[in-house]
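K.L.:
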Amino acid sequence: MKKNSGVVRRLLREMGSYKAALVFVFIFIALSTLANVSGSFFIQSLVDDYIAPLLASERPVFTGLLKALAVMGGVYLAGVICTFLYNRTMVGISQGVLKKIRDDMFAHMQSLPIKYYDTHTHGDLMSRYTNDIDALREMLSMSFPQMLSSVITVAAVTVTMLSLSIPLSLLAFACVAVMLVLVRKISGGAAKYFREQQKAVGRLNGYVEEMFSGQKVVKVFCHEEAAQEEFDKLNEDLRRDMAGANRLTSILMPLMMNIGMLQYVLIAFVGGLLALNGAAGMTLGTIAAFLTLSRSFSAPIGQMSTQINAITMAIAGAERIFSLLDEQPEKDEGYVTLVNAKYENASLVERPENTGLWAWRHPHGDGSVTYTELKGDVRLFDVDFGYSENKIVLHDISLYARPGQKIAFVGATGAGKTTVTNLLNRFYDIADGKIRFDNINVNKIKKSSLRRSLGIVLQDTHLFTGTVADNIRYGKLDATDEEVRRAAERANAHDFITRLPDGYDTVISGDGGNLSGGQRQLLAIARAAVADPPVMILDEATSSIDTRTEAIVQKGMDALMEGRTVFVIAHRLSTVKNSDAIMVMEQGRIIERGDHDALIAAKGRYYQLYTGAFAE
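Here the sequence shown stands for residues 0 to 615, where the numbers follow numbering that gives the first Met the number 0.
(1) What three-state label does DSSP hand Met582 in the structure shown?
(2) Got a sec, what are the start and stop residues for the beta strand (DSSP E) Ser397 sits in?
(3) Does the pairing of the stretch 493 to 512 with the stretch 417 to 437 give three or more beta-carbon distances under 8 Å?
(4) Can the beta-carbon of Gly511 be found less than 9 Å from the beta-carbon of Gln518?
(5) State the CB to CB distance for the pair Met582 and Ala407, rounded to an integer number of angstroms; the pair is presumed to be in contact (CB under 8 Å).
(6) So the candidates are Asn339, Ile28, Arg319 and Thr418; which of them puts its Cα closest to the Cα of Glu585?
(7) Would you call the stretch 43 to 63 in contact with the stretch 82 to 98, where contact means no fewer than 3 C-beta pairs closer than 8 Å?
(8) Assuming Arg604 is part of the alpha helix (DSSP H), what are its boundary residues?
(9) Give me the Cα-Cα distance between Asp538 and His570, rounded to the nearest whole angstrom.
(10) Which full runs of the alpha helix (DSSP H) of 4+ residues lie inside the stretch 284 to 309, going along the chain?
(11) Assign Gly587 to buried or exposed, taking buried as 16 or more other Cβ atoms, counted over all protein chains shown, within 10 Å of its Cβ.
(12) Please list, in chain order, all residues of the same chain as Arg620 whose beta carbon is under 6 Å from its beta carbon, the five residues on each side excluded.
(13) Following the continuous beta strand (DSSP E) through Ile536, name the residue where it begins and the one where it ends.
(14) Classify Ile250: buried if its beta carbon has 16 or more other beta carbons within 10 angstroms, exposed otherwise.
(15) For Thr466, which residues in the same chain have their Cβ closer than 6 Å to its Cβ, ignoring the five residues on either side in sequence?
(16) How big is the Cα-Cα spacing for Arg592 and Thr460?
(17) For a quick check, are the C-beta atoms of Ile28 and Cys81 less than 9 Å apart?
(18) Mark Phe40 as exposed unless 16 or more other C-beta atoms lie within 10 angstroms of its C-beta, in which case mark it buried.
(19) On the DSSP letters alone, give me the boundaries of the beta strand (DSSP E) that Gly63 sits inside.
(20) Which whole-angstrom value describes the C-beta separation of Leu393 and Gly415, a residue pair presumed to lie in contact below a C-beta threshold of 8 Å?
(21) Please name the residue, chosen from Ala176, Leu169, Asp579 and Ile320, that lies closest to Thr129 on a Cα-to-Cα basis.
(22) Would you call Gln109 buried or exposed, if buried means 16 or more other Cβ atoms sit within 10 Å of its Cβ?
(23) May I have the straight-line CA-CA distance separating Gln404 from Leu373, to the nearest angstrom?
(24) Only counting runs of 4 or more residues, tell me where the alpha helix (DSSP H) segments fall wholly within the stretch 428 to 504, in order along the chain.
(25) Here's a check: name, in chain order, each residue in its chain whose Cβ is nearer than 7 Å to the Cβ of Thr616, leaving out the five neighbours to either side.
(26) Apart from the five residues on each side of it in sequence, which residues of its chain come closer than 8 Å, Cβ to Cβ, to Thr159?
(27) Roughly how many angstroms lie between the CA atoms of Val456 and Lys390, to the nearest whole one?
(28) Taking its Cβ as the centre, do 16 or more other Cβ atoms sit within 10 Å of Gln622, making it buried, or is it exposed?
(29) Determine the closest residue to Tyr116 out of Ile496, Val180 and Leu323, with distance taken between C-alpha atoms.
(30) Compare the C-alpha of Ala620 against each of Gln197, Thr285 and Ala487 and name the closest.
(31) Can you list, in chain order, the residues of its chain whose CB lies under 8 Å from that of Pro253, leaving out five sequence neighbours each side?
(32) Tell me, please, which residues DSSP counts as bridged to Glu228.
(33) Given that a residue counts as buried once 16 or more other Cβ atoms are within 10 Å of its Cβ, and exposed if not, what is Glu13?
(34) Alpha carbon to alpha carbon, how far is Thr479 from Leu499? Give it in angstroms, no decimals.
(35) Out of Tyr206, Val338 and Val368, point me to the one whose CA is closest to Ala358's CA.
(36) Starting from Lys405, trace the beta strand (DSSP E) both ways and give me its first and last residue.
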């Protein structure tokens, strides 16, 4: 309960920027409620002051009655207008709040570390943008104004009922007290189920997303029945939680209605006895007005009970949304800035034409700036790393890459090759040791600067919806059309791009499904080329394409690697023969190092991998 109140307070804070609009909503709801209550109160006057005298008169005059009815008609019309206005205003408020929450979620997700995405399924994250946000929408646009209206109605009706008859008011209060006890007990039990329901929806969505992306693997290994069984299990968990929640909330409305009917009968009976005995100044008009007010008193309680479902689900969804927003963003304690000095008009010694003038920036107190050219010298000293503190996966990794050298990592899957490169750009931070970039500890370099200076071409290429030029420009968002074209030429991608229907303006959709694997890889290389970094990381960039296409891609990569420090991860050892140094990794350790000829001559692990001559 305490946790729920914290979530509600946080939601109210999210609505804080709409204070003025909320004040108008409150005023409109109050006016609408007062219009309805005044109509019920008017019944007493209608019966006692107009209908009863007219019935007793031999020559009734209806002028007064008509005027009174006209006044009440105007009051009801004003109530209808106020209801329309507060509902329309709440739509604007709710959509504005949801937009802000979505903006905050997406902005915060950009600040989260890679580790967060490695430990949460994409489907579960998407469920927070869809199911959880939709539950919030229903509460803000419907349940919130309904609850506010109910509270104001109960307060106004209470005052009116007490002014008419205290004995009948006490009877009505007793019935409502029973309603409140039932609502509290049932809603408390349902809240647990709704929280589990939202979690179950996230798990189910995550599994479905995983099966969609891996459908070919499912088909190849005839895994359909096992996949169906797992889906059925997750679906059954969701059904159980939803059934448990709805079973409790669905009995609320019938209970409220029956207690309301019982209250109506009791008030009519007791009021009739009081009127017949002339007690407490009870009149026929008072009974009629009180019966109408009793419905207006119990109806909001029943309406609130019907909103328990939506409110509890929304709170459960809000918990998941806020848990994402409360995730700690990626920490960055760096203060050294790396820049492509060529675009800052810095005066540096010219490097080869196809590489950028990357430097680290030195601001001075007098407003001047000096630059020290980055050479691309990368060194690791006794580095240990583990994805969790109690399980180290890299041990005592030490290596150096001089400017312009090509360093290759080879070894079995899971040996730790990709993990090493993930440490260079600080996707993860090391447990022990040091990593230096041009003699600067990478912990002192701003992560955004560090990552801009480290180009990466991955095995799994991801293209975004947009034109070919837009996808290349992703490596440098302010790149000119000429820079995009030059990057494509350097990556050996220009020829195939010009053969596309609209050339560089050809629209790519569905992650580049209309392109071949080699073409997609060439665009990834062009994307890295337009960024023009001093250090490149090639993570098995040719392992998923055929030999002929590999030759084309390799030519593009060779042009990209020229004049840069390069780290290559490859299973095809033929692609690393010309490396300056080859690191052979096994179980998180470097067990051999040297160039191709030296490692072959040593006849160790590399020799076995290269020749297939495994020792018995």
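Using N, Cα and C, we set each Cβ at its ideal position, and we do this for glycine too.
P.N.:
Well, looking at it:
(1) The answer is strand: DSSP assigns Met582 an E or B state.
(2) Annotation for Ser397: the continuous beta strand (DSSP E) segment containing it runs Leu393 to Ala400.
(3) Segments in contact, no.
(4) Contact: yes.
(5) Approximately 7 Å separates the beta-carbon atoms of Met582 and Ala407; this is inside 8 Å, confirming the contact.
(6) Glu585 has its Cα closest to that of Thr418, out of Asn339, Ile28, Arg319 and Thr418.
(7) The stretch 43 to 63 vs the stretch 82 to 98: no contact.
(8) According to the DSSP assignment, Arg604 belongs to the alpha helix (DSSP H) that extends over Arg604 to Thr610.
(9) In a straight line, the C-alpha of Asp538 is about 10 Å away from that of His570.
(10) For the stretch 284 to 309, there is no continuous alpha helix (DSSP H) assignment of 4+ residues that stays within its boundaries.
(11) Buried: at least 16 other Cβ atoms inside 10 Å.
(12) Beyond the ends of the chain as shown, which are 0 and 615, falls residue 620; an answer cannot be given.
(13) For Ile536, the uninterrupted beta strand (DSSP E) segment begins and ends at Val534 to Asp538.
(14) With fewer than 16 other Cβ atoms within 10 Å, it is exposed.
(15) Beyond the five residues adjoining it in sequence on each side, Thr466 comes within less than 6 Å, by CB distance, of Asp504 and Val506 in the same chain, given in chain order.
(16) Roughly 29 Å between the two C-alpha positions.
(17) A contact, by the Cβ cut-off of 9 Å.
(18) Buried, since its Cβ has 16 or more Cβ neighbours within 10 Å.
(19) Gly63: not part of any beta strand (DSSP E); member of the alpha helix (DSSP H) spanning Thr62 to Ser110, first to last residue.
(20) With a Cβ gap of about 5 Å, Leu393 and Gly415 count as contacting.
(21) Its Cα nearest to that of Thr129, the residue Ile320 stands out among Ala176, Leu169, Asp579 and Ile320.
(22) Exposed, by the Cβ-count rule.
(23) If I take the Cα positions, the gap works out to 14 Å.
(24) When DSSP assignments are scanned along the stretch 428 to 504, the uninterrupted stretches of alpha helix (DSSP H) that are 4 or more residues long and fall wholly within it turn out to be 446 to 451, 467 to 472, 480 to 489 and 493 to 497.
(25) With the chain represented from 0 up to 615, any question about residue 616 goes unanswered, as that position is not in the structure.
(26) Excluding sequence neighbours, Thr159 sits near Val36, Ser39, Phe40 and Leu292.
(27) C-alpha of Val456 to C-alpha of Lys390: approximately 28 Å in a straight line.
(28) The structure shown does not extend to residue 622, since the chain spans only 0 to 615, so no value can be given for it.
(29) Here the closest residue by C-alpha is Leu323.
(30) Any property of residue 620 remains undetermined from this structure, which presents the chain solely from 0 to 615.
(31) Closer than 8 Å at the Cβ level, and outside the excluded window around Pro253, lies no residue.
(32) Residue pairing by DSSP places Glu228 opposite no residue, since no beta bridge is assigned to it.
(33) Of the residues assessed, Glu13 falls on the buried side of the cut-off, its CB having 16 or more other CB atoms within 10 angstroms.
(34) Leu499 and Thr479: Cα-Cα distance of roughly 20 Å.
(35) Ranking the options by Cα distance to Ala358, first place goes to Val338.
(36) In this chain, the beta strand (DSSP E) harbouring Lys405 covers Lys405 to Gly410.
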